[in-house]
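For reference, the structure discussed in these notes is given below.
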Amino acid sequence: NLGFLDGGTAAHEFGHAIGLAHEHQNPAGGIQWNEQVVIRELAKSPNFWDEQTTRHNVLNKYSADQIKGTAFDPESIMLYFFPASWTLNGIGTDQNDILSRMDKEFIAGAKMYPKAGAPVSAATELKVNARLRTQASIGKVGEEDLFRFTAKVGGRYIIDTKGPTDVVMKLFGPNSETALIAEDDDSGIRTNARIAADLIAGNYFVQVRHYNRASGMGNYSIRVRKI
-6 NLGFLDGGTA AHEFGHAIGL AHEHQNPAGG IQWNEQVVIR ELAKSPNFWD
44 EQTTRHNVLN KYSADQIKGT AFDPESIMLY FFPASWTLNG IGTDQNDILS
94 RMDKEFIAGA KMYPKAGAPV SAATELKVNA RLRTQASIGK VGEEDLFRFT
144 AKVGGRYIID TKGPTDVVMK LFGPNSETAL IAEDDDSGIR TNARIAADLI
194 AGNYFVQVRH YNRASGMGNY SIRVRKI
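The numbering of the sequence shown is the numbering used here, which starts it at -6 and goes up by one.
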């Protein structure tokens, strides 16, 4: 039965996927069911539900300790459409095709998905124009070292490695570990890497790996400076 394939149904089912429950089963809800009518009507096409299924999907309210919820929201995307004839007081529900204001606030709120704070990158901090170079090592095959530095002002920055190890270096940013700015292999001394780039203020990330992914390991040093 493809009769219910519409935007409202898709949004409703996506609500289930992120943990939302049926609004008509909200323990704070106030729908006054005519249970025999509901059971009779949902046993017909297209549902063909038996009484147990109807009670599970519609009539039974959740226990208050089962869920984290809101006050009953008649505009929620998680509320089915029910005709007035299915209730004792003649008050039905509307066909809701979009998320309500309360839906959006609940999904975005800490009650539903507590925020743990901004993730902290595992990158090693590099100080711009540091007096000493930062010592590093590719200690196992396939290792990729990640560094970060902050460009406090815009300008031209140079990041380079030194040492006996053949490395490849990538620069990402600003404020992103995935937006590639530049990549270099052997522009430095011998098989070292060197990147010179005009950067705006922001946070930047430098990834260093061995040229030989299959067996390469070794020591190197790295430095970033503004010129």
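Just so it is clear, CB atoms sit at the ideal spot from N, CA and C, and this is done for glycine as well. All values reported here derive from a predicted model rather than from experimental measurement.
Secondary structure, alpha helix (DSSP H): runs of 4+ residues fully inside the region 120 to 159: none
Assumed close pair Gly156, Met210 - CB separation to whole angstroms, cut-off 8 Å: Between Met210 and Gly156 the Cβ distance is about 12 Å, and since that is not below 8 Å, they are no contact.
Three-way DSSP call (helix, strand, coil) for Met71 in this model: coil
Among Leu125, Ala64, Ser56 and Ser78, nearest to Asn27 - alpha-carbon criterion: Ser78
Proximity below 9 Å, CB of Arg218 to CB of Val146: no
For Arg218: DSSP bridge partner residues: Ile151
Candidates Glu98, Ala129 and Val51: closest to Gly22 by CA position: Val51
Cβ of Ile215 within 9 Å of any chain C Cβ: Protein chain content of the structure displayed is limited to a single chain, and chain C is not contained in it.
Whole-number beta carbon distance between Thr80 and Gln25, since they are thought to touch under 8 Å: 5 Å
Asn212 in three-state terms, based on DSSP: strand
Leu139 and Val201 closer than 9 Å at C-beta: yes
Close-in-space but distant-in-sequence residues of the same chain around Thr263 (CB under 8 Å, 5 per side omitted): Missing from the structure shown is residue 263; the chain here goes from -6 to 220 and no further.
Three-state class that DSSP yields for Glu98 in the structure shown: helix
Presumed contact (8 Å Cβ cut-off) between Leu192 and Ala144, rounded CB distance: 5 Å
Per-residue DSSP class, three states only, for Gln29: helix
Leu164 beta carbon less than 9 Å from that of Ile188: yes
Ile11 beta carbon less than 9 Å from that of Ile91: no
Own chain, CB closer than 6 Å to Gln88, minus 5 neighbours either side, in chain order: Phe74
Where Asn53 falls, given that 16 or more other Cβ within 10 Å makes a residue buried: exposed
Residue range of the unbroken beta strand (DSSP E) whose run includes Gly0: Note, Gly0: premise wrong, no beta strand (DSSP E); alpha helix (DSSP H) at Gly0 to Ala10.
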